[in-house]
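Each residue of the sequence shown is one higher than the one before, starting from 590 at the first, in my numbering.
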Amino acid sequence: ALREQAKSVPAAMLCNLPLDADELKSLHRTLTRFVSGLRKADAGIAKRS
Numbered sequence: 590a591l592r593e594q595a596k597s598v599p600a601a602m603l604c605n606l607p608l609d610a611d612e613l614k615s616l617h618r619t620l621t622r623f624v625s626g627l628r629k630a631d632a633g634i635a636k637r638s
């Protein structure tokens, strides 16, 4: 239940921000890069251990 809440909090915050489409696209790209970076780092850690 806590994980679901954690997921919905940032989404709710984003919904309240007055962003236009271009800002949303750029934010989405940034988040996508960030997440893929985390996944790569996570995979690297998993390989080493």
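Backbone N, C-alpha and C define an ideal beta-carbon position, used for all residues, glycine too.
Annotation: residue 634 to residue 625 spans about 14 Å, alpha carbon to alpha carbon. Here residue 625 carries a helix assignment [DSSP, helix/strand/coil]. Per DSSP, reduced to three states, the secondary structure at residue 615 is helical.
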